[in-house]
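Counting from 8, one number per residue, gives the positions in the sequence shown under this note's numbering.
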Amino acid sequence: MTVTAFASETEERFALARQVADAVLFEGYVLYPYRASAAKNRLRWQFGVLVPPGWGADCEEHDFQHTELLMEPKADATLSVEVRFLHARRRTVQRVRPDGGFETVPELRLDDRVLVPWDEGNEERVEVVAAMDELLGEGVTRPFRLPARQDTTPVLDAAGRTVGRLQRRCEEISGTIRLSARELDGPYRTVRLTAVVENTSAWTPSDGRDAGRDAALPHSLVATHLLMALSAGSFLSMTDPPEWARGAVAACRNLHTWPVLAGEPGSADLVLSSPIILEDHPAIAPESPGALYDATEIDEILALRTAALTDEEKREARGTDDRAAAVIDLADSMPAEVLERLHGAVRSLREVTGPGTAAAPDGGFPDEYGVQRPDTPWWDPASEAGFDPARDHVVVDGRTVAKGSRVELRPGLRRTDAQDIFLRGRTAKVEAVLHDVDGGVHLAVTVEGDPGADIRREQGRFLYFQPDEITPLEDGA
């Protein structure tokens, strides 16, 4: 394979892995409610922060990441590495003074947004390509430096008049990437790869300046992670290695990062080393309508709550960051069909239930909304004509219990809700007999004498008990 062909193929593989890596890169970038004034957005950059060594000695954050993993490279294999991180870009807000000059202000209010000071994240990449002979020899060391830079952007009002400006400044950052490899003894040709990313910035707080984290962040590598690809050969899974390699995998040291196989399931020539622990072949859920940037995000809840923000809250979010503005616009313009999909899908049982049938192409996806239709749900109750909660029954103590039956409640030992104690001995009416996918039976009931029973029945809000937690009663009992 030529160098050009390998570079092109590597870029294609990296592009696929970057979809997941972006979720890591921007995880927690700006949290709901997406406003700079929110308390949760005052502590920035939660993951993968490599601080300057002169500041990190006395804090809990680190100035390096150390990745080790096993690989089986073929002859003349080449390793391509891409280190990605965010460079904090400090933004200040200024408005025009009556004399035509500018003054720094805590906010600048416009018709559609409220601009405030903020640290933006500028994506940076450092690439290294090394032959296996180099790695097995003295190794490869790649220093890099990002110079300080500053730019100014005018702020215009709705009439096109200059009312202020934004000043953005990036501080100088320097770092080093160290790559090395060593062959291991064993039944197969196995190589241990070591990849270290260091922040070597010389910055230290001095002259009485603030020595806090906020001062160190512009000189830090934020959300640092690595993408690594082999031109020929494969990596071994660090979470599920073959039996013969388990000892060598256990001896690998991974500090402040964790490597997993990336790319399409079944492939093993691409690795993502992430500051967040992931499983092999991580992927973005096809139901997700776009990046919401919120740590441990739940798309449906976030979309609904974001759409429910007041107009003033949305103005501040739009002025906080361009990515926050995109989230607001996404929530405001999301079609009902896309929102409905955010209930998600259960994929963990597909190995048992088999692949779903391809979805019908008549729902407007993906052309109209740009969202891929998920697979058919692994179990569709509506397709099970043999189950009817209104007509099904179960036999308890030799007696048939169905909708309309009266029962006495006696919650069993499996119950942990203290309120169930107050239901022991109460009588109830069975509203439905339900079967779950594991073969269990559940009785939906309303408690007799409950003044809200009619409302609960109308809304379908029942209490649920299993057959061994009830005693059938005579209709007149």
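Cβ atoms here follow ideal geometry from the backbone N, Cα and C, with glycine treated the same way.
Keep in mind it's a predicted model, so treat the numbers as computed, not measured.
Report yes if the CB atom of residue i is closer than 8 Å to the CB atom of residue j, and no otherwise.
i           : j           : result
residue 338 : residue 317 : no
residue 204 : residue 233 : yes
residue 84  : residue 240 : yes
residue 278 : residue 341 : no
residue 58  : residue 310 : no
residue 68  : residue 261 : no
residue 437 : residue 412 : yes
residue 193 : residue 255 : yes
residue 253 : residue 119 : no
residue 90  : residue 184 : yes
residue 134 : residue 88  : yes
Kindly indicate which residue of the options has the alpha-carbon position closest to the one of residue i.
i           : options            : result
residue 26  : 289, 404, 114, 148 : 289
residue 287 : 346, 246, 104      : 246
residue 440 : 397, 113, 461      : 397
residue 264 : 319, 231, 295, 190 : 231
residue 452 : 133, 409, 419, 428 : 409
residue 160 : 166, 150, 171      : 171
residue 419 : 122, 429, 190      : 429
residue 304 : 22, 195, 19, 33    : 33
residue 144 : 467, 243, 200      : 200
residue 301 : 315, 281, 165, 330 : 330
residue 24  : 467, 274, 402      : 274
residue 243 : 347, 267, 221      : 267
residue 202 : 462, 435, 480, 73  : 73
Using DSSP with H/G/I as helix, E/B as strand and the rest coil, what is residue i?
i           : result
residue 71  : strand
residue 378 : The predicted position of residue 378 is uncertain, since its pLDDT is 43 and thus under 50; no value can be drawn from it.
residue 208 : coil
residue 18  : helix
residue 462 : helix
residue 192 : coil
residue 346 : helix
residue 171 : strand
residue 385 : Summary for residue 385: the model assigns pLDDT 47, below 50, so the residue's position carries little reliability, and this model does not support an answer.
residue 251 : helix
residue 54  : coil
residue 164 : coil
Buried or exposed: where does residue i fall if 16 or more other Cβ atoms within 10 Å of its Cβ makes it buried?
i           : result
residue 327 : buried
residue 125 : buried
residue 37  : buried
residue 17  : buried
residue 163 : exposed
residue 150 : exposed
residue 62  : buried
residue 472 : buried
residue 276 : buried
residue 476 : buried
When the Cα atoms are used, what is the spatial distance from residue i to residue j?
i           : j           : result
residue 248 : residue 293 : 28 Å
residue 334 : residue 400 : 49 Å
residue 237 : residue 79  : 9 Å
residue 478 : residue 350 : 37 Å
residue 213 : residue 140 : 44 Å
residue 271 : residue 49  : 37 Å
residue 101 : residue 157 : 15 Å
residue 71  : residue 206 : 6 Å
residue 470 : residue 306 : 29 Å
residue 148 : residue 137 : 10 Å
residue 44  : residue 96  : 18 Å
residue 115 : residue 53  : 28 Å
residue 46  : residue 285 : 28 Å
residue 492 : residue 99  : Here the chain has residues from 8 to 484 only, and residue 492 is not among them.
residue 21  : residue 113 : 40 Å
residue 380 : residue 346 : Residue confidence for residue 380 is low, a pLDDT of 46 falling below 50, so the modelled location carries little weight; the figure read from the coordinates is stated next. Rounded to whole angstroms, residue 380 to residue 346 spans 12 Å at the Cα level.
residue 474 : residue 467 : 20 Å
Taking 8 Å as the threshold (beta carbon to beta carbon), is residue i in contact with chain D?
i          : result
residue 48 : Looking for chain D here will not work: only one protein chain is present.
Heavy atom of the ligand ADP less than 7 Å from the Cβ of residue i, yes or no?
i           : result
residue 285 : This structure does not include the ligand ADP; it has no bound ligands of any sort.
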